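Report on the following structure.
Number of protein chains: 2
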Amino acid sequence: MKSTIPDTGVPITPPAGNGGDREENRQEASLHGEILLRLRDHVVEGNIPDGGRVPERQLCEMFGISRTPLREALKVLAAEGLIELLPNRGARVRQLSQRDLEELFDVMAGLESLAGRLACEAITDEEITAVEQLHYEMYGHYLHRDMHGYFQANQRIHESIVAAARNETLKTAYANFAGRIRRVRYSANFARKRQRWAEAMREHEAILDALRRRAGSELSDILFQHLRNKRKAAIEHLTEPHEDGPSAP
Amino acid sequence: MKSTIPDTGVPITPPAGNGGDREENRQEASLHGEILLRLRDHVVEGNIPDGGRVPERQLCEMFGISRTPLREALKVLAAEGLIELLPNRGARVRQLSQRDLEELFDVMAGLESLAGRLACEAITDEEITAVEQLHYEMYGHYLHRDMHGYFQANQRIHESIVAAARNETLKTAYANFAGRIRRVRYSANFARKRQRWAEAMREHEAILDALRRRAGSELSDILFQHLRNKRKAAIEHLTEPHEDGPSAP
DNA sequence: GAACGCTATTTCGCATTCATTTTTTGTCCT
DNA sequence: AGGACAAAAAATGAATGCGAAATAGCGTTC
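Order-wise, the sequence lines are chains A and B. Anchor point for the first sequence: position 201 equals 201 in full-length UniProt numbering, and the numbering is continuous, going up by one each time. Anchor point for the second sequence: position 150 equals 150 in full-length UniProt numbering, and the numbering is continuous, going up by one each time.
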């Protein structure tokens, strides 16, 4: 165990947050592509402490490759905003300040807002039915106080809306930003407050309603507010660590 | 035959800029960063034909560097969606289908829509005044049929709104997507139809009005529609090449 | 005893080198 | 003469080597 890492304040930020799209279809058979996927998962899943140093050499022997393809992968991850590269000082997993999180949530809110608007233009009755199905399922989890199930159904609903937008570029950007936030989710699980939970359910009712009526502009507003409230709950949770933990019914 | 080391005597600004300040851009002092910027501009400005091959070797001698930093830059550009990397077959500038363009415009619409909403929360009176200034300037260009001036003022207005959103993440993503579209702009200059031009002016009036009243939700709607109309005009222009070319007043 | 400065080791950045894969070209066969 | 196969040439993907910067370790000085 090495001594504590000298925190120099970490100034230099990655080149671009980018809403890039790397949906390149599975060309990832090449080594650097393979590494990119594995390394991204490794980071997103939180296997590396926040702001922790990640020496190239260590990752190389970890993946059993040379430095060249690894460095290429690192550059890409830096461009995605997951890590930051300090000149001559190696890579660190990017530590998100509260402000960063707020910004990310707002951008996610904007993307979902857009997704809702677009979805209203193109969604089929069958897809709406599917969302309704998920909604009721989620409601069931809510009644049973099953947070995990609720969380999953919730996520699938939002993904369904994004999918219904029929916009691959949006979908990719959405996935990218979601990845950045997910890292935080892993390290600090968002415990929902009871009150917020009920509120979220009401918002979801409104979402479904607007979607049924295909009221794009309205749905756009609701989704934005929904994510804004989510952001508020998340940030509050981070500032005052735990509010209530009981996940039991 | 010795390989002369291309010591171009590039300043390489030290990793200054420390402090809590997180400027997203231009930390690129390292070679690969420098190359990334130059190569991105090179591609965005359309110096390479659409779908054209981009041999590493050629670019290397063009920039006077070895392949390693260049390849790193290529990976990043691929992640950004500007080029695509074919396994063992080199890099090609990504050819955007009409569908891709539509998607990009819609995402841009979503981001600007978000920017407008956020701007209404944080914009100062001074900033609004600045936007008004640009608006009148743009109106002047409109009256004088100065398309270039109009275009620039227009762009600055949109950038001002994005800046007023106080969200660096959004700003970065916006710049990224704008870059992808700009490539198309260069190769096929969007000639505005007269009618669309007048329409755009009216929309901008509405934008300014909503911004003055800080009506976030409303501005969000207007901006989205504005970009949607822009998209329509752009796509139409691409399908039926030239409608009117005269840039002269 | 603590702060400063010097040296040694580690790590990073880029160039170069090696190994496959693709592309081109030249020849041979139909 | 045209096409197919094969070998050469070029280009890509990955590895290694070398110089430079940074971190760490240690000694000296106030």
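Backbone N, C-alpha and C define an ideal beta-carbon position, used for all residues, glycine too. What you are looking at is a predicted structure, and each value in this text was computed from that prediction instead of being measured.
Span separating the alpha-carbon of residue i from that of residue j
i, j, result
"B/L96", "A/A178", "25 angstroms"
"A/E56", "B/E199", "55 angstroms"
"A/A79", "B/H144", "42 angstroms"
"A/P6", "A/F151", "Residue placement at A/P6 is flagged as unreliable, the pLDDT there being 35, under the threshold of 50; the coordinate-derived value follows with that caveat. When rounded, the distance between both Cα atoms is 37 angstroms."
"B/N47", "B/I181", "15 angstroms"
"residue 254 of chain A", "A/T239", "Given a span of 1 to 249 for chain A in the structure shown, any question on residue 254 of chain A remains unanswerable."
"B/R117", "A/A206", "20 angstroms"
"A/I235", "B/R40", "36 angstroms"
"A/A233", "B/R99", "37 angstroms"
"B/R228", "B/A215", "20 angstroms"
"residue 250 of chain B", "A/L77", "Outside the modelled stretch of chain B, which goes from 1 to 249, sits residue 250 of chain B, for which no answer is possible."
"A/V162", "A/L101", "21 angstroms"
"B/Q195", "B/M201", "10 angstroms"
"A/K230", "B/M62", "49 angstroms"
"B/H237", "B/V107", "20 angstroms"
"residue 251 of chain A", "A/C120", "An answer regarding residue 251 of chain A cannot be provided, because it is not within the stretch 1 to 249 covered by chain A."
"A/L86", "A/V93", "11 angstroms"
"A/V43", "A/R183", "7 angstroms"
"B/Q58", "A/G81", "30 angstroms"
"B/V54", "B/L74", "10 angstroms"
Residue i classed as buried or exposed, judged by whether at least 16 other C-beta atoms fall within 10 angstroms
i, result
"A/A29", "exposed"
"A/N154", "buried"
"B/T172", "buried"
"B/G33", "buried"
"residue 258 of chain B", "The shown model of chain B, from 1 to 249, leaves out residue 258 of chain B, and the question about it has no answer."
"B/A122", "exposed"
"B/E72", "buried"
"B/G140", "exposed"
"B/K2", "In this prediction, B/K2 scores a pLDDT of 34, lower than 50, which makes its location untrustworthy; no coordinate-derived value is stated."
"B/T169", "buried"
"B/D209", "exposed"
"A/L70", "buried"
When the options are compared against residue i, the one with the closest alpha-carbon
i, options, result
"B/E45", "B/E240, B/N176, B/R185", "B/R185"
"A/L36", "A/L219, A/P49, A/R67", "A/R67"
"A/E137", "A/I128, A/E126, A/E127, A/G149", "A/G149"
"A/P38", "A/G64, A/Y174, A/A210, A/E132", "A small fix is needed here, since residue 38 of chain A is Arg in this sequence, not Pro. The residue with the shortest Cα to Cα distance from A/R38 is A/G64."
"A/I83", "A/E112, A/G52, A/P69", "A/G52"
"A/S217", "A/T169, A/N176, A/V43, A/A115", "A/A115"
"B/F224", "A/G110, A/I222, A/D146", "A/G110"
"A/K193", "A/Y142, A/L59, A/A73, A/Q133", "A/Y142"
"B/L134", "B/L59, B/D50, B/E159, B/D106", "B/E159"
"A/C60", "A/P49, A/S220, A/L31", "A/L31"
"B/L104", "A/R213, A/D221, A/E103, A/A165", "A/A165"
"B/T129", "B/L219, B/D221, B/R213, B/S220", "B/R213"
"B/I222", "B/S113, B/L74, B/K75, B/V54", "B/S113"
"B/P49", "B/L74, B/K75, B/A91", "B/A91"
"B/M147", "B/T124, B/W197, B/L211, B/S220", "B/W197"
Residue i: contacting residues in chain B (beta-carbon distance under 7 angstroms)
i, result
"A/R71", "E72"
Contact set between residue i and chain B, taken where Cβ atoms lie within less than 8 angstroms
i, result
"A/E80", "A79"
Under 8 angstroms by beta carbon: chain A residues contacting residue i
i, result
"residue 298 of chain B", "Chain B is shown from 1 up to 249; residue 298 of chain B falls before or after that span and cannot be answered."
"B/S30", "P87"
Partners in chain A for residue i, counting only beta-carbon separations shorter than 9 angstroms
i, result
"B/V107", "G19, L111, L114, N167, T169, L170, A173"
Proximal residues of chain A, C-beta to C-beta of residue i below 7 angstroms
i, result
"B/V76", "K75, V76, A79"
Under 8 angstroms, CB to CB, which of the residues in the segment 202–236 of chain B have a partner in chain A?
Taken in chain order, the members of the segment 202–236 of chain B whose beta-carbon sits within less than 8 angstroms of a beta-carbon on chain A are S217, S220, D221, F224.
Anything in the segment 41–58 of chain B with a Cβ closer than 7 angstroms to a Cβ of chain A? List those residues in chain order, please.
The residues in question: there are none.
Interface residues of the segment 116–132 of chain B facing chain A [CB-CB below 8 angstroms]
Flagged, chain order: R117, L118.
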